[in-house]
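**Student:**
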Amino acid sequence: MNFKVFLQYMLPHRALSRVVYRATRWTYAPWKNWLIGTVVRNYQVNMAEAAQPDALAYQHFNAFFTRKLRADARRPDPDPASLLSPADGRISQAGPIVDGRIFQAKGQDYTAAELLGGDETAAAPYRNGSYVTVYLSPRDYHRVHMPLKGTLRESVHVPGRIFSVAPFAVAAIPRLFARNERLVCYFDGEHGPFVVVMVGAILVSSVATVWDGLVIPPYASSIRRKSFAGQGVALERFAEMARFNMGSTVIVLLPAGSATLDNLQPQQMVQVGQRIGVEHSARLEN
């Protein structure tokens, strides 16, 4: 085990995340300007795409980090059957779910049921489906958009660890995405169900949705479910659905037969609205 991985087990994740949560919302100009400037320089953030291109005009670091883009900065693929990337970032992994197991990295995998908080019934439609995992780095746009049109059925806040989701950690920490704190969003689409999972990470673990505001935190010691059945929370394909306060990972699960993924390669760069597959009538396997 290398030193960076060793630190992931030893660092006080929650304490660090609480400190960062407050520090990134401090409006003291010298502090927030230094922090924003450092990230823009070190990660070569393209501020020309932002609705507010002046990086130092943001009230605090988190406002900069969750910035809106110009309306013309991202466009959905024009084919209405296209499955869209839910986020800017890089493909971590993508492909078939094999007998309920999802590939994480060489020598590492986890089950769909584990990812969904241990719910075998909820995981059943995805047993031989497909998945796409997108990693967001600090340079990326941090709002998450709908890969398909869907109506929200339920959200589930699954508490857990908050390891880093950087490539070094994904390669070394077993079942990382099924161990980290996450928000699972179940949707009913036009051709069957699908799931969007927003995975928290060290110095992050903060997710806000467009329908419910800030969901993580507050922190929870047990799984929290919230039903939206009958409430009409319907979102169009490409619509904004949530945002990460700091960077992390988004995982989309699709049932068997509902879509065919494009030939996505690990570390391939993607943008919100980019085609990553094509949807077709679902042939669900239970």
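The working numbering puts the first residue of the sequence shown at -8, with every later residue one more than the last.
Ideal Cβ placement from N, Cα and C applies to all residues, glycine included.
Because the structure is a prediction, the values reported are computed rather than measured.
(1) Could you compute how far the alpha carbon of L275 sits from the alpha carbon of D90?
(2) Measuring straight from C-alpha to C-alpha, what distance separates I88 and Q259?
(3) Which residues does DSSP pair with A250 in a beta bridge?
(4) Taking the alpha-carbon positions, what's the S146 to K(-5) distance?
(5) When you compare only the Cα positions, how much space is there between A157 and P129?
(6) According to DSSP, is H51 helix, strand or coil?
(7) Measure how close the beta-carbons of G191 and V198 come, nearest whole angstrom, since I'm counting them as under 8 Å.
(8) Where do the N-terminal and C-terminal ends of the beta strand (DSSP E) with K217 fall, by residue?
(9) Drop a sphere of 10 angstroms on the beta-carbon of T240, count the other beta-carbons inside from all chains shown, and report buried for 16 or more, exposed for fewer.
(10) On the three-state DSSP scale, how would you describe M189?
(11) In terms of DSSP beta bridges, what is R228 paired with?
(12) To test your reading of the DSSP string, which unbroken alpha helix (DSSP H) runs of 4 or more residues are found completely within the region 145 to 193?
(13) Given a cut-off of 9 Å on the beta-carbon distance, is the pair F168 and V187 in contact?
(14) Inspect the beta-carbon positions of S121 and A247 and report whether they are closer than 9 Å.
(15) Along the chain, where does the beta strand (DSSP E) that runs through R92 open and close?
(16) Straight-line CA distance for I93 to Y101?
(17) Have a look at K140 and P21 and give me their C-alpha separation to the nearest angstrom.
(18) Note the first and the last residue of the continuous alpha helix (DSSP H) segment covering Y122.
(19) Identify, in the order they occur along the chain, each residue of the same chain with its Cβ nearer than 8 Å to the Cβ of E227, setting aside the five sequence neighbours on each side.
(20) According to the Cβ coordinates, are V36 and F52 closer than 9 Å?
(21) Determine the DSSP secondary structure at I88, reduced to helix, strand or coil.
(22) Around the C-beta of E105, are 16 or more other C-beta atoms found within 10 angstroms, so that it is buried, or is it exposed?
**Tutor:** Result, derived from the coordinates:
(1) Taking the first residue of the sequence shown as position 1, residue 275 is located at position 284. Taking the first residue of the sequence shown as position 1, residue 90 is located at position 99. For L275, the predicted model reports a pLDDT of 41, less than 50, meaning its position is unreliable and no value from the coordinates is stated.
(2) The residue you call residue 88 lines up with position 97 of the sequence shown. The residue you call residue 259 lines up with position 268 of the sequence shown. Approximately 20 Å between the Cα atoms of the pair.
(3) Here the question's residue 250 lines up with position 259 in the sequence shown. Answer by DSSP bridge pairing, in chain order: E270.
(4) Taking the sequence shown and counting its residues from 1, one reaches residue 146 at position 155. Taking the sequence shown and counting its residues from 1, one reaches residue -5 at position 4. Approximately 33 Å between the Cα atoms of the pair.
(5) Residue mapping note: residue 157 aligns to position 166 of the sequence shown, counting from 1. Residue mapping note: residue 129 aligns to position 138 of the sequence shown, counting from 1. Distance from the CA atom of A157 to the CA atom of P129, rounded to whole angstroms, is 10 Å.
(6) By 1-based counting over the sequence shown, the position of residue 51 is 60. DSSP places H51 in coil when its eight states are reduced to three.
(7) The residue labelled residue 191 in the question sits at position 200 within the sequence shown. The residue labelled residue 198 in the question sits at position 207 within the sequence shown. That belief holds up - the Cβ atoms of G191 and V198 are roughly 7 Å apart, short of 8 Å.
(8) Along the sequence shown, one-based indexing puts residue 217 at 226. Here the beta strand (DSSP E) through K217 covers 215 to 218.
(9) Here residue 240 refers to the residue found at position 249 of the sequence shown. So T240 ends up on the buried side.
(10) Looking up residue 189 in the sequence shown gives position 198. Looking at M189 - three-state DSSP - the assignment turns out to be strand.
(11) Here residue 228 is taken as the residue at index 237 of the sequence shown, counted from 1. The partner list for R228 (beta bridge, DSSP) is empty, contrary to what the question assumes.
(12) Correct list: 158 to 163, 167 to 170.
(13) For the purposes of this step, residue 168 is taken as the residue at position 177 of the sequence shown. For the purposes of this step, residue 187 is taken as the residue at position 196 of the sequence shown. F168 places its beta carbon 9 Å or farther from that of V187.
(14) Along the sequence shown, read from residue 1 onward, the residue named residue 121 stands at position 130. Along the sequence shown, read from residue 1 onward, the residue named residue 247 stands at position 256. Yes; because the gap between Cβ atoms is below 9 Å, this pair is in contact.
(15) Start at 1 with the first residue of the sequence shown, and residue 92 comes out as number 101. Residues 92 to 96.
(16) Along the sequence shown, one-based indexing puts residue 93 at 102. Along the sequence shown, one-based indexing puts residue 101 at 110. Going by the C-alpha atoms only, they are around 5 Å apart.
(17) Along the sequence shown, read from residue 1 onward, the residue named residue 140 stands at position 149. Along the sequence shown, read from residue 1 onward, the residue named residue 21 stands at position 30. Near 43 Å, if we compare the C-alpha coordinates of P21 and K140.
(18) The count along the sequence shown starts at 1 and reaches residue 122 at position 131. First-last for Y122: 121 to 126, but that is the beta strand (DSSP E), not the alpha helix (DSSP H).
(19) The sequence position of residue 227 within the sequence shown is 236, counting from 1. So the qualifying residues of the chain are M137, K140.
(20) The residue given as residue 36 occupies position 45 in the sequence shown. The residue given as residue 52 occupies position 61 in the sequence shown. Contact flag unset, no.
(21) Here residue 88 is taken as the residue at index 97 of the sequence shown, counted from 1. Judged by DSSP in its simplified three-state form, I88 adopts coil rather than helix or strand.
(22) The residue you call residue 105 lines up with position 114 of the sequence shown. Result: buried.
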